[in-house]
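In order, the protein sequences belong to chains A and B.
Numbers in the working numbering are just positions in the first sequence, counted from 1, shifted up by 83.
Numbers in the working numbering are just positions in the second sequence, counted from 1, shifted up by 39.
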Amino acid sequence: MTKEVKVEYSTQVKSKKEKSEKWIRLTSNRLLVTGSIILLFVLLIGIFAPILAPYDVLEMNPQNRFVPPSVDHLFGTDNFGRDIFSRVMHGVRLSLVIGFFVTLFSTIIGLIVGLLAAYNKILDHILMRICDGLFAFPSILLAIAITAALGPKTINVVIALVLVFIPSVARIVRSQALVVKEKTFIESLRAQGANPFRILFLHIAPNVMSPLIVQVTYIFAVTILTEASLSFLGAGVPAPEPSLGNLLYDGKLSIYVAWWMTVFPGIFIVLIILGLNLFGDGLRDFLDPKAKQLKKRGIIWKRKNNRY
Amino acid sequence: MEKEKQPLLKINNLKTTFSTYKGELSAVDGVSLELNEGEILGIVGESGCGKSVTAESILQLLDENTTTYDGEIIFNGKNLLKSSNRELEEIRGNEISMIFQDPMSSLNPVITIGKQIAESVRIHQKLSKKESMKKAVELLRLTGIPSPEQRVKEYPHEISGGMRQRVMIAMALSCQPKLLIADEPTTALDVTIQEQILKLMLQFQKELNMGIVLITHDFGVVANYCTKVAVMYLGQVIEETDVKSLFSRPLHPYTVGLINSVPQLDGDRSKELATIKGVVPSLTQIPKGCRFAPRCPLATEKCLEEMPNLESAKENHQVRCWHYEKVLEGELQYVN
Chain A
84 MTKEVKVEYS TQVKSKKEKS EKWIRLTSNR LLVTGSIILL FVLLIGIFAP
134 ILAPYDVLEM NPQNRFVPPS VDHLFGTDNF GRDIFSRVMH GVRLSLVIGF
184 FVTLFSTIIG LIVGLLAAYN KILDHILMRI CDGLFAFPSI LLAIAITAAL
234 GPKTINVVIA LVLVFIPSVA RIVRSQALVV KEKTFIESLR AQGANPFRIL
284 FLHIAPNVMS PLIVQVTYIF AVTILTEASL SFLGAGVPAP EPSLGNLLYD
334 GKLSIYVAWW MTVFPGIFIV LIILGLNLFG DGLRDFLDPK AKQLKKRGII
384 WKRKNNRY
Chain B
40 MEKEKQPLLK INNLKTTFST YKGELSAVDG VSLELNEGEI LGIVGESGCG
90 KSVTAESILQ LLDENTTTYD GEIIFNGKNL LKSSNRELEE IRGNEISMIF
140 QDPMSSLNPV ITIGKQIAES VRIHQKLSKK ESMKKAVELL RLTGIPSPEQ
190 RVKEYPHEIS GGMRQRVMIA MALSCQPKLL IADEPTTALD VTIQEQILKL
240 MLQFQKELNM GIVLITHDFG VVANYCTKVA VMYLGQVIEE TDVKSLFSRP
290 LHPYTVGLIN SVPQLDGDRS KELATIKGVV PSLTQIPKGC RFAPRCPLAT
340 EKCLEEMPNL ESAKENHQVR CWHYEKVLEG ELQYVN
């Protein structure tokens, strides 16, 4: 009896220690922390855009054309006298919404495609050749082609971008799933009578998550960039609606008259991309067990130096 | 005529062939085995003798694309080799369970052990999540893990190898199977834990009156736990008998060599440990005659030319050797 108590006690100590170690690793990961703070800032803007925006985004005011940044108009006004601050807030919101849905759907579909490809050899050939085909086009060209075919609507931009990003998710999932598939625990599951779908979606899927999550943050970033480029080229979100790309497009025409029309949307694009990339890099370091060892040693060393 | 009692598992002339780029390799070549309820059959042999492949063939777990099976595997009067995938899924884990060698890698690393045990229950029984979780705790308690309520929330990397093997046993026995296949269940564990795990299996075996196919290369385990033994060499059964006759008088030179090479605690320490010279040949170069002939101390011309059949030397004692009489007469030194 005494032996049992002892065993329990020692494992409890271990788990407590592990938790605090994890927390230290999380908070000492500068990339992750900086990325999270930027993302949180942008996300709050996106969520509260309707409250933050002092003017209606479409309200034109011909008397107030090209007003430079002032107290009334923080970021100035554009060629129609619309408030740029309001338009940028809403632009961030729209870009984030598009980014979110594109990432969500391309991840879900890519996950399913990748898992099926890893499971069945014939399916693998078919699905991966389709993916190769999609890969062969530069992503922006493909997106332009699809939106051109479907017509200029926000939903079509989402569909186009989902199609563009499915292959990159599917590839990562497939390669990871092929590794996991050969592990003994999969054979053990088969020996328990689990059918292929249970094995694929309940056991292999959770095992491919950590590389996938990292990839997803990058896809989010690239989606926002691609959407901005599409809108800038006039193939994205249709005109009066403020997306960050549209704002840049409007600003381009009068860049020598009103620098604020391009600078402020540009700053927010940079912020979102920077935040997402830092977050992704930080997450990769955090999830990678090899980087973990190095980081841990570094932290111990630094802490000692700081304290004593 | 009186109806004979059917054996639980009957393997008839099983041939398992892998197609590789080197050609067709038959890892198991004409194995026939029989197991009744409540019996423990030990399969022994060096690495690469086809023990594990035989076990995996029973449940057909090998890669479907590259493996072909031939022969008959009759479980409870049903030929498993002729069953559909759906039928096999019904049998796997429910009537026949399997425990693997490496407890480190046979659990899913990202799912808690409780959920994994509960799942093994839910695959075959319609239970709610809560009920199956309760059952998981119960099963863990039966396997002797202290404070199972806490353990079910832990991940595989948080528990020791011995405990992981207990979890595997809990999963394997969750549906009270009639047959348990244990593929070197204790090889990766240290000796004290080995004993505990084997005793645990034996305890469940008695309670459920299961048949067990125990694959091992440890003759100590065979002597202590098995009722029957089959010795395998290069995909063939070369000697098959009950435990007592095997240890009192092994008839195949290979078996003699294997038993002789087990170190004895009270043996002469100045003497070098007996070994079998050479290694198991690769499946690409199978000898023409008796497969053991190139390594056999008693080999003659005939051995190199002609393959012996598995024949009854004594009652319940079958051996595949041209010269087993010589062994019987004591031409080979047998230490035990």
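All C-beta atoms in this analysis are idealised placements derived from N, C-alpha and C, irrespective of residue type, glycine included.
- For H286/A, the closest Cβ of chain B is nearer than 8 Å.
- From the beta-carbon of K204/A, the residues of chain B found nearer than 9 Å are N104.
- In the DSSP assignment, K192/B falls outside any alpha helix (DSSP H) and carries neither an H nor an E.
- Residue contact check for H291/B against chain A: no CB pair falls below 8 Å.
- For K266/A, the chain B residues whose Cβ falls inside 7 Å of its Cβ are S144, in order along the chain.
- Neighbours of R131/B in chain A, taken as residues at a C-beta separation under 9 Å, are given in chain order as R273, A274, Q275, G276, A277.
- With respect to I138/B, L48/B sits apart: the two C-beta atoms are not nearer than 8 Å.
- Contact of P289/A with chain B is assigned, a C-beta pair being separated by under 8 Å.
- Between the region 175–185 of chain B and the region 255–274 of chain B, the count of Cβ pairs shorter than 8 Å is below three; the stretches do not touch.
- The beta strand (DSSP E) runs of length 3 or more contained entirely in the region 126–150 of chain B are, from start to end of the chain, 135–138.
- With a cutoff of 8 Å on beta-carbon distance, I236/B and Q215/B are scored as not near each other.
- Listed in chain order, the alpha helix (DSSP H) runs fully inside the region 239–301 of chain A are 267–274, counting runs of at least 4 residues.
- Look at the beta carbons and you see the region 62–75 of chain B not touching the region 248–256 of chain A: under three pairs across the two are nearer than 8 Å.
- Between the region 265–284 of chain A and the region 211–218 of chain A there are fewer than three C-beta pairs closer than 8 Å, too few to call the two in contact.
- Where E279/B is concerned, the enclosing beta strand (DSSP E) starts and stops at 275–281.
- At a cut-off of 8 Å, the C-beta of E270/A has a neighbouring C-beta in chain B.
- Taking CB atoms only, S159/B has a neighbour in chain A less than 8 Å away.
- Rounded to whole angstroms, the separation of the alpha carbons of N278/A and F124/A is 45 Å.
- Setting aside the 5 residues that flank it on each side, E223/B is surrounded in the same chain by Q140, I254, T255, each with a C-beta closer than 7 Å to its C-beta; the list follows chain order.
- Nearest to T300/A by alpha-carbon distance, out of G129/A, G118/A, V346/A, N112/A, is G118/A.
- Per the DSSP secondary-structure output, A269/B pairs in a beta bridge with I82/B, E279/B.
- Going by beta carbons, G116/B and Q45/B fall inside the 8 Å limit.
- By the neighbour-count criterion, in which 16 or more other beta carbons inside 10 Å mark a residue as buried, Q357/B falls on the buried side.
- For V240/A, the number of other beta carbons within 10 angstroms of its own is at least 16, and it is reported as buried.
- With 16 or more other Cβ atoms inside 10 Å of its own Cβ, H286/A counts as buried.
- Within the region 115–126 of chain B, not one residue has a Cβ closer than 8 Å to any Cβ of chain A.
- The beta-bridge partner set that DSSP reports for L53/B consists of V70/B.
- At a beta-carbon threshold of 9 Å, none of the residues of chain A lie near E246/B; the nearest stands roughly 20 Å away.
- For S91/B, the closest Cβ of chain A is not nearer than 8 Å.
- With respect to P302/B, G317/B sits apart: the two C-beta atoms are not nearer than 8 Å.
- The Cβ-Cβ distance between V171/A and F158/A falls below 8 Å.
- The CB of V252/B never comes closer than 7 Å to any CB in chain A; the least such distance is about 13 Å.
- Rounded to whole angstroms, P195/B and I152/B show a C-alpha spacing of 6 Å.
- The beta-carbon of D141/B is placed less than 8 Å from the nearest beta-carbon of chain A.
- The region 194–208 of chain A and the region 253–266 of chain A touch, with three or more beta-carbon pairs separated by less than 8 Å.
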